[in-house]
Amino acid sequence: MVIIFGYLFLGTNFFINGGYEGPTLLLSYINLVFLSATTNSQLQWIWALVHSIIFASIALYTFYVDASWLTEYPSQEVRVLDLVLSYIIGAFFISLLFSMVRAAYEKQKERAILQHKNILSKEHDLKDSNKDLTRILSILAHDVKNPLASIEGYLQLNEAGDLDPSMRASLNHNLLKLVKGTSYMLDDMLHWSKGQLHGHTTNISEQNAGTLS
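First residue of the sequence shown? That's 7 in this note's numbering, and the numbers climb one at a time after it.
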């Protein structure tokens, strides 16, 4: 709607202000700049083509066919004043338009920089999390291996019948402590992993599952 109104205004201004000798052609370029700056970039060539066809047709029609529609300036002085005024208005409007475009560009640039910083921050946090995960896996590999090895040795001795009742009771007690310690450690690892999902930070220290009770 605004575009149609703009072209109607320029067409009317062309006929009442001396045709191509007036300020209409200057104002038409301002209108084209406005359309190019505020519409989809894929439409810029279309607007340029439509713009050229409209004003070339009007100018050729009034020059070769019928110029009676044109309203001439009463004097050369009025024409010059009209051109000067139109130039001032056009220069102000173009400056305002480009300042708005520049402000939008700077805002978009700041948003892109902020997004880049956020990506770098998340990448850094991910690297730290990967380091923590590597440490956790090392802890698990070390502290879970010992209880499993003890259980394996106990089962082998028990299967071979080399254990007397007192030794079996002692080994059962010690293995129970190892299994409980490992279970507590795995529970702690589970709580830690849940905390990581919620963005919590944890100070990690190595513990021997065999010393936990």
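From the three backbone atoms N, C-alpha and C, an ideal C-beta is built for every residue, glycine too.
Consult DSSP for Y79 and reduce its assignment to one of helix, strand or coil. Coil, per DSSP.
Less than 8 Å between the CB atoms is what I'm expecting for G28 and D88, so what's the real figure, rounded?
6 Å
Comparing alpha-carbon positions, which option in A155, M191, H179 and F20 lies nearest Y79?
F20
Next on the checklist: So, under 8 Å CB-CB, L38 and W51 are touching, yes? Tell me the CB distance rounded to an integer number of Å.
Outcome noted: Their Cβ separation, rounded to whole angstroms, is 11 Å, which puts L38 and W51 out of contact at 8 Å.
* Asked: With 16 as the cutoff for other CB atoms within 10 Å, does S92 come out buried or exposed?
  -> buried
ask   = Going straight from the alpha carbon of G167 to that of S127, what length do you get?
value = 60 Å
- Query: Under 8 Å, do G12 and L76 count as touching if we go by C-beta distance?
  - Reply: no
Thinking just about the alpha-carbon of each residue, which of H122, L103, T30 and S189 is nearest to the one in A65? T30
query: Cα separation between Y190 and N152?
result: 15 Å
#### Entry: Best match in R85, F61, E116 and L55 for proximity to L14 [C-alpha to C-alpha]
With distances taken between Cα atoms, L14 lies closest to F61.
| Reduced DSSP category for N152 - H, G, I as helix; E, B as strand; rest coil | helix
Q.
Taking a contact to mean a Cβ-Cβ separation below 8 Å, would you say I9 touches L41 in this structure?
A. yes
ask   = With C-beta atoms as the reference, is S144 less than 8 Å away from L184?
value = no
Problem - Cβ neighbour criterion (16 or more within 10 Å) applied to D193 - result: Label assigned to D193: exposed.
Rounded C-alpha distance that separates K123 from L163: 60 Å
Less than 8 Å between the C-beta atoms of A43 and L103, yes or no? yes
Practice task
Using a threshold of 8 Å, state whether the C-beta atoms of F99 and I59 are closer than that.
Solution key: F99 places its beta carbon 8 Å or farther from that of I59.
Measure the Cβ-Cβ separation of T188 and D131 and say whether it is below 8 Å. no
- Quick one, are the C-beta atoms of I142 and M195 less than 8 Å apart? yes
Legend entry - Separation of I125 from L139, as counted between CA atoms: 20 Å
Span of the alpha helix (DSSP H) around L32: In the DSSP assignment, L32 falls within the unbroken alpha helix (DSSP H) covering T30 to T44.
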